[in-house]
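Peer 1:
Residue numbers (the numbering used here): 17 to 196.
1) Assuming the contact rule is C-beta atoms closer than 8 Å, residue 157 and residue 78 should be a hit. Round their C-beta distance to whole Å, please.
2) Check whether the region 17-34 touches the region 47-64, counting contact only when three or more Cβ pairs, one atom from each stretch, lie closer than 8 Å.
3) May I ask you to report which of helix, strand or coil DSSP gives residue 61?
4) Alpha carbon to alpha carbon, how far is residue 91 from residue 191?
5) Select from 102, 51 and 153 the residue whose C-alpha is nearest the C-alpha of residue 122.
6) Could you tell me the alpha carbon to alpha carbon distance between residue 67 and residue 170, rounded to whole angstroms?
7) Who pairs with residue 66 in a beta bridge, going by DSSP?
8) Measuring only the C-alpha atoms, how far is residue 107 from residue 140?
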């Protein structure tokens, strides 16, 4: 109804009753994130919340981000056109052929969503790359974000950064002088 009326809609997703990130939290997050996407909510809250919203879990938030990314791909739908169906390429390659050297494959294969956390390897490749569980991959990604993410501040012009620092320093001096 909100979409029909052109008004914003608040939704919740990613919240779980579990106390830590685990299988139940993944199931609850996936279902609630996907449901929120299907309802058309354009302001969504609660991702990363655990224990029914009493606490938050940074690892849950990183996992939720992957689920949100997957749901956005689903929300976009599937383009059906002569280009995407590629029946001419299928007919040219024929039975028993392969598509790896086709221009069409090179044009389209990178447009498919690729997960950053989900494992798509064979068992042998997974073992040879360290046998990392989803939990371990989430922890590693979270640590990488904390250590290496530069964020939008890296795009802020230097003169603006200087102004921001001046405001912060002035506030800190005032707190030291006058108290909080």
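Cβ coordinates follow ideal geometry from the N, Cα and C atoms, glycine included.
Peer 2: If we stick to the structure as given:
1) Stepping through the chain shown from its first residue, residue 157 is reached at position 141. Stepping through the chain shown from its first residue, residue 78 is reached at position 62. Right, the Cβ-Cβ distance comes to about 6 Å (below 8 Å), so this counts as a contact.
2) Under the 8 Å Cβ criterion, the region 17-34 counts as touching the region 47-64, having at least three qualifying pairs.
3) Here residue 61 refers to the residue found at position 45 when the chain shown is read from its first residue. Here residue 61 sits in strand by DSSP.
4) By 1-based counting over the chain shown, the position of residue 91 is 75. By 1-based counting over the chain shown, the position of residue 191 is 175. Taking the straight line from one Cα to the other gives about 48 Å.
5) By 1-based counting over the chain shown, the position of residue 122 is 106. Comparing Cα-Cα distances from residue 122 to each of 102, 51 and 153, the minimum goes to 102.
6) To locate residue 67, count along the chain shown from 1; it is residue 51. To locate residue 170, count along the chain shown from 1; it is residue 154. Cα to Cα, residue 67 sits roughly 35 Å from residue 170.
7) Reading the chain shown from its first residue, position 50 is the one you call residue 66. BP columns for residue 66 point to 71.
8) Sequence index remark: in the chain shown, residue 107 carries index 91 (1-based). Sequence index remark: in the chain shown, residue 140 carries index 124 (1-based). For residue 107 and residue 140, the distance between alpha carbons rounds to 34 Å.
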